[in-house]
Each structure stands twice: as C-alpha cells, then as structure tokens.
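Heads up: the structure comes next, in structure tokens.
In mature numbering (1 follows the signal peptide of the UniProt record, and there is no 0), the protein residues as written are -19 to -1, 1 to 222.
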C-alpha cells in the first residue's frame, strides 16, 4: 500500500512540474495583439496570370456570332484539305459538322441522280450515308489498333473532311451529265473522279500518316485507300446508272 501511495505521489509531483514548465513557457511569449487604431499592412492577394481566352465564353454571345464562328472554322478546315500540309489545327480543333454536311450533300446528289424507274438499282441516300460513316469508323478503329496517337473523333474529322474532293467531283459529274451522254463525257467524269480520289487519299494521309508508328504506316494507309476508292466507285456508278 505504501509503495502504491509513493508511486502516486511521484506521478502527481511530475505532473505539477510539467504544468509549471508549460505556464512559464507561455509567460515568456510577448503580446502580439494589434491595437484598433493601428493599420495592418500587407498584400494577401494571390497573383494570377490573366489569360484572355479565359474571359471568352459562348454563353453570352449571340446565336448569329456562334454560327458565323463555327462556319468560319469549317471553312478553314476545307482550305486545309484543298492545300494539305502538316498542321495540327485540323486535328486540334476537330468537329463533325463539315463531314456531316459533305456526307448529306453527297448522298442527296446520288439519290437525286438515280432515275425514278431505276431507284432500286442506284445508290440510296441511307446506303451512302451509312457506308461513309461506317467506313470512316472502321478505318479509324484500324488506326487505333495499329497504335495511332490521335483520338477517335480526330480521325473521323480528318476522314470526313477529306471527302470534299469527291463531293466536288460529284458536282462536276452532275453538270457534265446535263449534256448528251457521250464517250468523251464519260472519260472526263472518270478523270475528274480519279483525280479527286487521289487528292482525298493524299490529303488524309498528310494528316494521319504521321500519327502511326513508322513500321505500320502502310497498314494504316491501305484501308484509307480502299475507303475513298469505294466512294469513288459509287459516284461513277451512280452518275452513269
């Protein structure tokens, strides 16, 4: 019992000594309070870099300005297809408005060119529309499986915009078919479509070839070749149906 009391006395003594030491430590601290009439100086603002792009928002701009801005962006991408060069703008600012417009226009022209009495023989709107988009998706998936370093929608954007030369060739063929069908006009149509086919392949590979590993570029270009070749064949068969 005496041993237990002795241990308790020792613990109480140590606790009181520790408390006194803490009180002495706090007593040595100076008074850091600030008087009410003394101004507090200093800058608590955090410097933030100002970026003009952060202030831009399409939520407050008129619908007309938004449409005009998007149309200008689509027009710039058409120019990139006409004059293909190594540029990241078509890949960076991708969209599907241009490919959608080209696909609808091409399918509508092929549908309109097919005579009513031969509607079952010529290409239909839905067939052309589905063929173009499914073909672009297949080519894109092939590019992804080969290790391409661009996104799915970037590849669709490039493939869709590069249909523009073939769409232009379809317009030219429609104009030439207004005259009497002759062998010369048929040859002219074939030459126009062939040149447009080559330009589509050249433009698309200019943007997509560098995104593939060096030892697999041929495997990526071959499906692109087939994709535009099928579209070219549909144009020729639709014009001369």
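Note that beta-carbon positions come from the ideal geometry of N, C-alpha and C, so glycine has one too.
Reduced DSSP category for residue i - H, G, I as helix; E, B as strand; rest coil
i	result
residue 125	helix
residue 65	coil
residue 43	coil
residue 51	helix
residue 195	helix
residue 24	No answer about residue 24 holds up, because its pLDDT of 49 lies below 50 and its placement is not dependable.
residue 114	helix
residue 160	coil
residue 31	Residue placement at residue 31 cannot be trusted, given a pLDDT of 46 that sits under 50; what the coordinates show is reported in the next sentence. Coil, per DSSP.
residue -4	helix
residue 36	Low local confidence applies: a pLDDT of 48 at residue 36 is under 50, so the model's placement there is unreliable, and no value is given.
Rounded distance between the beta-carbons of residue j and residue i, thought under 8 Å
i	j	result
residue 202	residue 143	About 13 Å; that fails the 8 Å criterion.
residue 75	residue 133	The pair is not a contact, with the Cβ atoms about 10 Å apart (cut-off 8 Å).
residue 59	residue 88	Not really, about 19 Å apart at Cβ, beyond 8 Å.
Beta carbon of residue i nearer than 8 Å to that of residue j
i	j	result
residue 165	residue 216	no
residue 249	residue 218	This structure leaves residue 249 out entirely; the chain is present only between -19 and 222.
residue 106	residue 92	yes
residue 220	residue 94	yes
residue 77	residue 139	no
residue 65	residue 187	yes
residue 148	residue 207	no
residue 161	residue 170	no
residue 128	residue 193	yes
residue 154	residue 113	no
residue 52	residue 151	no
residue 137	residue 80	yes
residue 123	residue 204	yes
First and last residue of the uninterrupted alpha helix (DSSP H) at residue i
i	result
residue 148	145 to 157
residue 94	78 to 94
residue 240	Since the first and last residues shown for the chain are -19 and 222, residue 240 lies out of range.
residue 169	164 to 189
residue 136	133 to 142
Closer than 7 Å: residue i CB and nearest the ligand NAP heavy atom
i	result
residue 131	Inclusion of the ligand NAP in the displayed structure is not the case, the ligand content being empty and no account of it being possible.
Does the segment 113 to 130 come into contact with the segment 175 to 184, if we say contact requires no fewer than three beta-carbon pairs (one atom in each stretch) closer than 8 Å? No contact exists between the segment 113 to 130 and the segment 175 to 184.
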